[in-house]
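No gaps in the numbering here: position 104 of the sequence shown is 104 in UniProt numbering, and each next residue is one more. No residue lacks a Cβ here, since even glycine has one placed at the ideal position from N, Cα and C. Note sheet for the following structure.
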Amino acid sequence: MEEIEKEWEGLDGVIDPTLASTWPDQDVYVVKEKPYCITCRSHPGLLILPFYLSVAEQYDWARRCLTTYINPPALTNISGEERGEGEVKRKRERKKRKKRKGKEKNGKTM
Numbered sequence: 001m002e003e004i005e006k007e008w009e010g011l012d013g014v015i016d017p018t019l020a021s022t023w024p025d026q027d028v029y030v031v032k033e034k035p036y037c038i039t040c041r042s043h044p045g046l047l048i049l050p051f052y053l054s055v056a057e058q059y060d061w062a063r064r065c066l067t068t069y070i071n072p073p074a075l076t077n078i079s080g081e082e083r084g085e086g087e088v089k090r091k092r093e094r095k096k097r098k099k100r101k102g103k104e105k106n107g108k109t110m
C-alpha cells in the first residue's frame, strides 16, 4: 500500500486511492470552483478529475462513448490497429496465400 501511496500524487496533495469510494458526496459546483487533478507517475497521461462531472454528465459521456464516438470518422483502438500493424500483417498473409495458390496451380507443392 505504501508503494501505491508514493506513486499517486494529487495537485492538492497526496491521496489514498483506496479511500476514493468513501469520499463524501460534494456539491459539483463547489468542486468546480476549486478543481483538482490526480495523476499517476507510472501512467503518464492518466488524469483523474474527481467530482468534476455531475452524475447526469457522466451518464451522457458514457452514452456518447458507447454510441457516437465508436463510429467513423472517430478512431478507436480497434480501428487504429487495423490501419497500422494489423493491416500490414493481413497484407503479408494475403501475399503468402496467393503465392501458395500459384505454386499449387503449377503443380508444385511447398
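Assuming residue i contacts residue j under a Cβ cut-off of 8 Å, what Cβ separation, rounded to an integer in Å, is found between them?
i	j	result
leucine 47	cysteine 37	5 Å
tryptophan 61	leucine 53	7 Å
Looking at the structure shown, is residue i part of a helix, part of a strand, or coil, going by DSSP?
i	result
leucine 47	strand
alanine 74	coil
threonine 67	helix
tyrosine 59	helix
Drop a sphere of 10 angstroms on the beta-carbon of residue i, count the other beta-carbons inside from all chains shown, and report buried for 16 or more, exposed for fewer.
i	result
aspartate 25	For aspartate 25, the predicted structure reports a pLDDT of 48, less than 50, and the residue's modelled location is therefore unreliable. A value from the coordinates is still provided. Exposed, because fewer than 16 other Cβ atoms sit within 10 Å of the Cβ of aspartate 25.
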